[in-house]
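Trainee:
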Amino acid sequence: AQKVTQAQTEISVVEKEDVTLDCVYETRDTTYYLFWYKQPPSGELVFLIRRNSFDEQNEISGRYSWNFQKSTSSFNFTITASQVVDSAVYFCALSGGNAGNNRKLIWGLGTSLAVNP
Amino acid sequence: EAQVTQNPRYLITVTGKKLTVTCSQNMNHEYMSWYRQDPGLGLRQIYYSMNVEVTDKGDVPEGYKVSRKEKRNFPLILESPSPNQTSLYFCASSWDRKGTGELFFGEGSRLTVL
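Those protein sequence lines, which keep their order, are chains A and B.
To convert a position in the first sequence, counted from 1, into the numbering used here, add 487.
To convert a position in the second sequence, counted from 1, into the numbering used here, add 8.
(1) Please compile the residues from chain B whose C-beta is within a distance smaller than 8 Å of the C-beta of lysine 591 of chain A.
(2) So for glutamine 14 of chain B, helix, strand or coil by DSSP?
(3) Am I right that glutamine 526 of chain A and alanine 575 of chain A are in contact with their C-beta atoms under 8 Å? What's the rounded C-beta distance?
(4) Answer with yes or no whether the minimum CB distance from glutamate 531 of chain A to chain B is below 7 Å.
(5) Suppose you measure from the CA of threonine 567 of chain A to the CA of aspartate 505 of chain A; what does that come to, to the nearest Å?
(6) The beta strand (DSSP E) that contains serine 75 of chain B, what's its start and end?
(7) Go ahead and pull the three-state DSSP assignment for lysine 591 of chain A.
(8) Check whether the region 56–76 of chain B and the region 33–40 of chain B touch, using three or more Cβ-Cβ pairs below 8 Å as the test.
(9) Below 8 Å on C-beta distance, what does glutamate 38 of chain B contact in chain A?
(10) What does tyrosine 520 of chain A reach in chain B if we use C-beta pairs closer than 7 Å?
(11) In chain order, what residues of the same chain have a beta carbon less than 7 Å from the beta carbon of glutamine 570 of chain A, not counting five sequence neighbours either side?
(12) Taking Cβ-Cβ distances shorter than 9 Å, what residues in chain B pair up with phenylalanine 534 of chain A?
(13) Lysine 503 of chain A by DSSP, collapsed to three states: which one?
(14) Would the region 71–88 of chain B count as touching the region 26–35 of chain B if we require 3 or more Cβ pairs under 8 Å?
(15) Helix, strand or coil, according to DSSP, for threonine 28 of chain B in the structure here?
(16) Return the CA-CA distance between phenylalanine 98 of chain B and tyrosine 43 of chain B, expressed in angstroms with no decimal places.
(17) Taking CB distances under 7 Å as the criterion, tell me whether tryptophan 594 of chain A reaches chain B.
(18) Leaving aside the five residues before and after glutamine 45 of chain B along the sequence, list all residues of the same chain whose C-beta is less than 6 Å from its C-beta, in chain order.
(19) Count the other CB atoms within 10 Å of the CB of threonine 559 of chain A; is the residue buried (16 or more) or exposed (fewer)?
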């Protein structure tokens, strides 16, 4: 069975602090895809990143960076110099590549990040 | 502008009164899906479709129906709504027909069933 665990339910930081959101996944598929989505207070779901299981390179996009480690089945998300606008719920998700495990995402329960001024 | 449009955004209804939540995308995506989001339960897939006239059940399909007569539209039908279907609903589409690609979401439809 596939599973995504986001152990941190809520995180509160002060603006300009760095913060890391943890994501641990379980799958037996050799090919799979990992995602992060953001849900700001306005409620919409916004795609942040997609990473396939064969690409373990870390990725940086502005203040956002992602650390993918197959050895620990983790796909952590770091926000550097956090800002109030980063306040949102962040979801990690997994899609298996094998037939039967693709066609849908397995979602973590999300981490609610509050960035205080 | 590329978008997924859901209607209505907010709806209060009563038990048993049939309703339809519409979803339309303008990106020519083959894959479309419906999710519901509930506190403590996260996002759960209701139905998905990989192409016109092809639909399949997700994790929580009971009490819902869908249709995919046209590529752009994927309505969610609640034939006889019940209070346990009170939820926030999201429609999504993707360029990847297997559903392993980036999902584009609608703004959500908040449904209350009394």
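Cβ atoms here follow ideal geometry from the backbone N, Cα and C, with glycine treated the same way.
Mentor: In brief:
(1) Simply Ser41, Gln53, Tyr56, Gly66, Asp67 and Gly107.
(2) strand
(3) 6 Å
(4) yes
(5) Cα atoms of threonine 567 of chain A and aspartate 505 of chain A: separation of roughly 4 Å, rounded to the nearest angstrom.
(6) Serine 75 of chain B -> no beta strand (DSSP E), and no H or E assigned at all.
(7) coil
(8) yes
(9) Chain order gives no chain A residues near glutamate 38 of chain B, where near means a beta carbon separation below 8 Å; the closest approach is about 12 Å.
(10) Thr108
(11) Within the same chain, glutamine 570 of chain A has close Cβ partners Glu502 and Val602.
(12) Glu110, Leu111, Phe112 and Phe113
(13) In the structure shown, lysine 503 of chain A sits in coil (DSSP, three-state: anything other than H, G, I, E or B).
(14) yes
(15) strand
(16) Rounded to the nearest angstrom, the two C-alpha atoms are 5 Å apart.
(17) yes
(18) Leu51 and Leu96
(19) Looking at its Cβ environment, which holds fewer than 16 other Cβ atoms inside 10 Å, threonine 559 of chain A is exposed.
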